[in-house]
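Undergrad: To start, I am sharing the structure in question, which I have written as structure tokens.
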Amino acid sequence: MRLVPDRQHRGGMAKNHYVPKVQSGFGQFIDCVLILVLVYASLYAPLLMQANSGSSAASSSEKPTWQSLKQNSFEAGQWQKLGYTPEQAQPIIETRFEYSISWPVLGLTAAVIIGYYLFMLKVSDKEYREVIREKFGDRP
Amino acid sequence: MSAQVIEAPKQHISLKKVLSPIHIWGLGVGIVLVGEYMGWNFSVAKGGALGSLIACWVIGLLYTCVAMIDSEVTSTVAAAGGQYTQAKHIIGPLMAFNVALYLVLAYTMLEAADATVFGDLLQEVAGNFGVANLDPRPFAFLCIMFLAWLNYRGVFITLTFNFVITAFAFVAIILVFFGVAPWSPGVVLHHADLIHGLPYGWIGIIAAFQFGMWYYLGIEGTCQAAEECRSAARSIPLGTMSGMITLVIAASLTWYICSGLLPWEYLGQATTPLYDAARVTNSTWMQVVMFVATVFSNLASANGCINDASRAWFSLSRDRYMPPVFGAVHPRYRTPYRSVLFLIPIAVSFAFTNLLDQIITFSILSGLLGYTFMSINMMRFRRLWPLGSIHRGYIHPFHPLPAVMLFLLCTTVYFATYLGYGSQLLAIMAFFIIASLWFSLHRYKFVKRGDQFTMPWPRPKGY
């Protein structure tokens, strides 16, 4: 950490101010690229893990009718106005979500989120004290 | 660098202070209203029509807390960057860096999703007129370019444009609501024939919370314009709270229209539910109004997102959290033009990935992480500077109830996200953890410590 004395502080007492490094243009470019690479990695990672949204459709070999799909006469009329036949509507109607809870995975997810916030608040607090000390001087 | 170096005096160019409450309303509602035209209905698939309605109101409560907290903190910390600048002054640099990333990524990805849907809409219309297989990507690209140009030229024209098209999209929902004769149940609207309870029980309601956020996601973006308001203390609370009221009305009307016209299974996966609802009425004027309003809502959302993402990126760069080259203000138009330009290729690349699901989930989760921060931020704000110690533009009532309620509701939405998109949630958390480590270990060494506190406030209590 590079520190220089500062006699302009409001308290009139000398204190050390941090002088940041100057980054090259190439370094700035690399930093931007790195963040973008991380964003894309997090977008594609769930696909690589073959994540799905937990939905599934029951398959049936019989020719469906609005009655077999449990659609009343008004619902059947609306599907038809939207341009759907029973065959076309079947996969939409029979798709169902499965809300199963894996407690270990839920626990891991909770631990990751809580750990992230705790880490961030702790590090932020350390940095914040440094900012306040530089701005207002040492604590009276 | 030596302390002896004498620099030539520089003329300080700041962002232009030209905005009034209607622009703030146009920005906040403009970003969000597209959620009523598409996206909210995925909550119907998750929990049925009734589950979606409950999600609409519970998540409305979450956003009311967000709007109350935002109004107080932003009317006091009136600077571009919104929640980022708040985090910098109240919690610390690493939190601020993360908040800015939430904002930039949430808005840039939402902009990409808007542009993608805009292209898809034009493709569908072209198909109806006999032009098959029209490539939607050039239209998505042109949409982003046009709106970026508008943002480059000036904030006043950008948000005036947003106000006009957003107002049209809101009025269109009201017109269609009266068009379907809600006073005569069973004539046009058939709720009794279409609503079948809760297909997944209570857990479906919780699961619906994730997409229930789509009803309101982005209203907190009003804070990004604080530095450009003629009076932030007046414009931000007025624009944000009136925007929130607008959205609750629009969301409830949208649910009422769609759930009374479309089978819930169809509604749960529809791309353009309000437009589809107009289609089944067989009314030409309603179809035309809904099509135009859907396009306008898309444009307004993308436009507001460019505005907000560029302000967040500009603020990050101005403080050297990211490369300072993007922290420049245009000498004539007084806009953060380099940030506007830098984010164009990124938004276009997101739009061309064909990962709409992942992009929307990333956007929602970035917003959710930001809301969790806001509850912690509010508690610290009142603790570090108790009432009376600094001038506040607005003081929200019932503290700490909104902050506590916001925290609890955010926790519930994390659980809802786990139910549908658990692996995406972990991937996104991994991104923010790695980015935080990178900032702490590498990027922070380029940041001037003392410059991170610029408000004319006394020393925070306890520090």
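Here the protein sequences come in this chain order: A and B.
Under my numbering, think of the first position of the first sequence as 1, with each following residue one higher.
Under my numbering, think of the first position of the second sequence as 1, with each following residue one higher.
No residue lacks a Cβ here, since even glycine has one placed at the ideal position from N, Cα and C.
1) Quick check: F222 of chain B and L409 of chain B, are their CB atoms within less than 9 Å of each other?
2) Using the Cβ count rule (16 or more neighbours within 10 Å means buried), how would you classify H23 of chain B?
3) Does Q67 of chain A have its Cβ less than 9 Å from a Cβ in chain B?
4) Can you tell which of A:D125, A:Y116 and A:R139 has its C-alpha closest to the C-alpha of A430 of chain B?
5) Residues in its own chain within less than 6 Å of Q424 of chain B by CB, not counting five upstream and five downstream?
6) Indicate whether at least one CB of chain B lies closer than 9 Å to the CB of W103 of chain A.
7) What did DSSP end up calling M95 of chain A once you bin it into helix, strand or coil?
8) Does any CB atom of chain B fall closer than 9 Å to the CB of T95 of chain A?
9) Is S19 of chain B helix, strand or coil when you go by DSSP?
10) What's the C-alpha gap between Q287 of chain B and D276 of chain B?
11) Would you mind telling me which residues of chain B sit closer than 7 Å to T109 of chain A, beta carbon to beta carbon, in chain order?
12) Could you say which of B:P397, B:L316 and B:Y463 lies nearest to R383 of chain B if we only look at CA atoms?
13) For the stretch 238–261 of chain B, which residues have a CB atom closer than 8 Å to at least one CB atom of chain A, in sequence order?
14) Please confirm whether any heavy atom of the ligand SAM lies closer than 8 Å to the CB of T109 of chain A.
15) Closer than 7 Å by C-beta to A435 of chain B: which residues in its own chain qualify, once you throw out the five before and the five after it? Chain order, please.
16) Please classify M13 of chain A as buried or exposed, where buried requires at least 16 neighbouring CB atoms within 10 angstroms.
17) Quick one: what's got a C-beta closer than 8 Å to W285 of chain B's C-beta in the same chain, skipping five residues either side?
18) In angstroms with no decimal places, state the Cα-to-Cα distance between V404 of chain B and Y321 of chain B.
19) Between the alpha carbons of A167 of chain B and F415 of chain B, how many angstroms are there, rounded?
20) Quick one: measure Cβ to Cβ for A351 of chain B and A79 of chain B, integer angstroms, because I've assumed they're closer than 8 Å.
21) Taking Cβ positions only, does M374 of chain B come closer than 9 Å to chain A?
22) Could you tell me the boundaries of the alpha helix (DSSP H) in which S52 of chain B lies?
23) Shortest alpha-carbon distance to I114 of chain A belongs to which of B:L426, B:A181, B:D193 and B:L189?
24) Can you list, in chain order, the residues of its chain whose CB lies under 7 Å from that of S235 of chain B, leaving out five sequence neighbours each side?
25) Step through the CB atoms of chain A and report whether any lies within less than 9 Å of the CB of Y394 of chain B.
26) Whose C-alpha, out of B:S317, B:H396, B:P136 and B:P336, is nearest the C-alpha of D451 of chain B?
27) What residues of chain A sit near N98 of chain B, judged by a beta carbon separation below 7 Å?
28) If you draw a straight line from the C-alpha of E265 of chain B to the C-alpha of W214 of chain B, how long is it?
29) Does any residue of chain A bring its CB to less than 9 Å from the CB of R338 of chain B?
30) State yes or no: is the beta carbon of E130 of chain A nearer than 9 Å to at least one beta carbon in chain B?
31) If you drop the 5 nearest sequence neighbours on each side, which residues of the same chain put their C-beta closer than 6 Å to that of L365 of chain B?
32) Can you tell which of B:V280, B:Y421, B:R443 and B:D193 has the C-alpha that lies nearest to the C-alpha of P20 of chain A?
33) Taking Cβ positions, are A251 of chain B and C56 of chain B nearer each other than 9 Å?
34) Check distances from the C-beta atoms of the stretch 346–362 of chain B to those of chain A and list, in chain order, the residues that come in under 9 Å.
35) How would you label R10 of chain A, buried or exposed, when you count the other beta carbons within 10 angstroms and need 16 or more for buried?
36) DSSP three-state call for H9 of chain A: helix, strand or coil?
TA: With the structure as the only source:
1) Taking the second sequence and counting its residues from 1, the one referred to as residue 222 of chain B is at position 222. Taking the second sequence and counting its residues from 1, the one referred to as residue 409 of chain B is at position 409. The sequence given here places Thr at residue 222 of chain B; Phe does not occur at that position. No, these two residues do not count as a Cβ contact at 9 Å.
2) The sequence position of residue 23 of chain B within the second sequence is 23, counting from 1. H23 of chain B is buried by the Cβ-count criterion.
3) Residue numbering aside, residue 67 of chain A sits at position 67 when the first sequence is read from its first letter. By this cut-off, Q67 of chain A is not an interface position.
4) Locating residue 430 of chain B in the second sequence gives position 430, where the first residue counts as 1. Of the listed residues, the one whose Cα sits closest to A430 of chain B is A:Y116.
5) For this step, residue 424 of chain B is matched to residue 424 along the second sequence. Excluding residues within five positions, the ones whose Cβ falls inside 6 Å are T361.
6) As a working note, residue 103 of chain A is residue 103 in the first sequence. Output row for W103 of chain A: interface = no.
7) In the first sequence, the residue the question calls residue 95 of chain A occupies position 95. At residue 95 of chain A the sequence reads Thr, which differs from the Met that was named. If DSSP states are grouped into helix, strand and coil, T95 of chain A belongs with the strands.
8) As a first step, residue 95 of chain A is located in the first sequence; it is residue number 95 there, counting from the start. Taking Cβ atoms only, chain B reaches closer than 9 Å to T95 of chain A, which makes this a yes.
9) The sequence position of residue 19 of chain B within the second sequence is 19, counting from 1. Checking the sequence shown, residue 19 of chain B turns out to be Leu, not Ser. In the structure shown, L19 of chain B sits in a strand (DSSP, three-state: E or B).
10) Here residue 287 of chain B refers to the residue found at position 287 of the second sequence. Here residue 276 of chain B refers to the residue found at position 276 of the second sequence. Cα to Cα, the separation comes out at about 8 Å.
11) In the first sequence, the residue the question calls residue 109 of chain A occupies position 109. Simply Y418, G422, L425 and L426.
12) One-based indexing of the second sequence puts residue 383 of chain B at position 383. With distances taken between Cα atoms, R383 of chain B lies closest to B:Y463.
13) L261
14) You won't find the ligand SAM in this model; it holds no ligand whatsoever.
15) For the purposes of this step, residue 435 of chain B is identified with residue 435 of the second sequence, where counting begins at 1. Once the five neighbours on either side are set aside, the close Cβ partners of A435 of chain B are L101.
16) In the first sequence, residue 13 of chain A corresponds to position 13, counting from 1. The pLDDT assigned to M13 of chain A is 42, lower than 50, so where the model puts this residue is not dependable; a value taken from the coordinates is nonetheless given after this. By the 10 Å Cβ count, M13 of chain A comes out exposed.
17) Here residue 285 of chain B corresponds to residue number 285 of the second sequence, with the count starting at 1. Counting only Cβ-Cβ distances below 8 Å, and skipping sequence neighbours, we find G179.
18) As a position in the second sequence, residue 404 of chain B is number 404, starting the count at 1. As a position in the second sequence, residue 321 of chain B is number 321, starting the count at 1. The alpha-carbon atoms of V404 of chain B and Y321 of chain B are separated by roughly 30 Å.
19) One-based indexing of the second sequence puts residue 167 of chain B at position 167. One-based indexing of the second sequence puts residue 415 of chain B at position 415. If I take the Cα positions, the gap works out to 35 Å.
20) Locating residue 351 of chain B in the second sequence gives position 351, where the first residue counts as 1. Locating residue 79 of chain B in the second sequence gives position 79, where the first residue counts as 1. In fact, because the Cβ distance is near 30 Å, the residues do not count as touching under 8 Å.
21) Taking the second sequence and counting its residues from 1, one reaches residue 374 of chain B at position 374. No, M374 of chain B does not count as interfacial toward chain A.
22) The count along the second sequence starts at 1 and reaches residue 52 of chain B at position 52. Where S52 of chain B is concerned, the enclosing alpha helix (DSSP H) stretches over F42 to T76.
23) Here residue 114 of chain A corresponds to residue number 114 of the first sequence, with the count starting at 1. With distances taken between Cα atoms, I114 of chain A lies closest to B:L426.
24) The sequence position of residue 235 of chain B within the second sequence is 235, counting from 1. Cβ neighbours of S235 of chain B beyond the five flanking positions: L19, S20, P21, I24 and C229.
25) Locating residue 394 of chain B in the second sequence gives position 394, where the first residue counts as 1. It does not: the Cβ of Y394 of chain B has no partner Cβ on chain A nearer than 9 Å.
26) Position 451 of the second sequence, counted from the start, is the residue given in the question as residue 451 of chain B. If we check each option's Cα against that of D451 of chain B, B:S317 comes out closest.
27) Residue mapping note: residue 98 of chain B aligns to position 98 of the second sequence, counting from 1. Here the neighbours are M120.
28) One-based indexing of the second sequence puts residue 265 of chain B at position 265. One-based indexing of the second sequence puts residue 214 of chain B at position 214. Between E265 of chain B and W214 of chain B, the C-alpha separation is close to 19 Å.
29) Taking the second sequence and counting its residues from 1, one reaches residue 338 of chain B at position 338. Not closer than 9 Å to any Cβ of chain A, the Cβ of R338 of chain B fails to qualify, so no.
30) If you number the first sequence from 1, residue 130 of chain A lands on position 130. Yes - at least one Cβ of chain B is within 9 Å of the one on E130 of chain A.
31) Translated into positions along the second sequence, residue 365 of chain B becomes position 365. Here the set comprises I428.
32) Stepping through the first sequence from its first residue, residue 20 of chain A is reached at position 20. The residue with the shortest Cα to Cα distance from P20 of chain A is B:R443.
33) Indexing the second sequence from 1 puts residue 251 of chain B at position 251. Indexing the second sequence from 1 puts residue 56 of chain B at position 56. Going by C-beta atoms, A251 of chain B is nearer than 9 Å to C56 of chain B.
34) I346, S349, F350, T353, L355, D357, Q358, I359, T361 and F362
35) Against the first sequence, residue 10 of chain A aligns to sequence position 10. Confidence at R10 of chain A is low in this model, with a pLDDT of 43, below 50, so its placement is unreliable and the value that follows should be read with caution. Exposed.
36) Working through the first sequence from its first residue, we reach residue 9 of chain A at position 9. Because the pLDDT of H9 of chain A is 43, which lies under 50, any placement of that residue in the model is unreliable, and the question is left without a value.
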